[in-house]
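Residue numbers (this note's numbering): 36 to 326.
Below, the structure is given as structure tokens:
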């Protein structure tokens, strides 16, 4: 899906050389400002997830928050057969990624993946969470635990591994041990001035990736790590809206994502919750947004 949110595998786009742009400490600090606004937007969205609320209502609240912060949404207007019409991708149950918000009401037992990002003073942040709507089945709870857990594993491994392929291989093993599958059609990406930059960041490791596209985990690297995990088959299918990708077997899928920088001190999650120094300002912004 050229021009879409999460980049397709390079084999679908044709071979080309990776050009990885390392960021300075000052640039990473600038990206944190965007990342913190993304985290705050997710807190607003999470507070609205409950039965009866529509996905469109949540999307409008996030759009309003970005407007208050003078942050530019990354997703709205992304080119495709039809430009993406919202500031969030909202994918419910068997929808994997790129779901379009609208009049759909959430129901007890659903899960909803909310993916959003913004640009602040030229720098981007991007993250995703999957939320249960009320009580969900034990299997779906395991899916959420697996997907959030494999993202946390990846971040931790970035401190001790030298190349992404080593991290991705352990991610795939982690998911297999749960009895679930890693989506392979869509992968993470570099991020900086643009939402999508090199390198590709798969959540599994193929021999082709090892040979041609593996990359070093070095200070200045900033990537969006975003595992997508399915209960059943790893295969996905597009829906008629030209954006939404669903599991081929109709079983649930989950998606978690963080923007992560490698610094001299190790991995730094740029879309994480506020630090102690950031807490007061962040809480004030959220309180004002919630009225």
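Even glycine gets a Cβ: it sits at the ideal position worked out from N, Cα and C.
- Nearest to residue 132 by alpha-carbon distance, out of 62, 63, 299, 283, is 283.
- Contact check for residue 290 against residue 162 fails: the beta carbons are separated by 8 angstroms or more.
- Taking C-beta separations shorter than 7 angstroms and ignoring five residues to either side along the sequence, the partners of residue 271 in its chain run 131, 218, 220, 280, 281, 282, 283, following chain order.
- Under the three-state reduction of DSSP output, residue 124 falls in the strand class.
- Of the residues assessed, residue 140 falls on the exposed side of the cut-off, its CB having fewer than 16 other CB atoms within 10 angstroms.
- When the five nearest sequence neighbours on each side are left out, the beta carbons in the same chain lying within less than 7 angstroms of the beta carbon of residue 287 are those of 128, 129, 146, 175, 178, 266, in order along the chain.
- The DSSP-derived three-state label of residue 158 is strand.
- The beta carbon of residue 76 sits closer than 8 angstroms to those of 97, 100, 101, 151, 153, all from its chain and outside the five residues before and after it, given in chain order.
- If one requires a minimum length of 4 residues, the alpha helix (DSSP H) runs lying completely within the segment 178-260 are 199-213, 242-247, in chain order.
- For residue 314, the enclosing alpha helix (DSSP H) covers residues 311-325.
- Ranked by Cα distance from residue 125, the first of 91, 156, 200, 190 is 91.
- Of the candidates 269, 251, 238, 274, 238 places its Cα closest to the Cα of residue 261.
- Each residue's CA atom was taken as its position, placing residue 236 and residue 193 some 12 angstroms apart.
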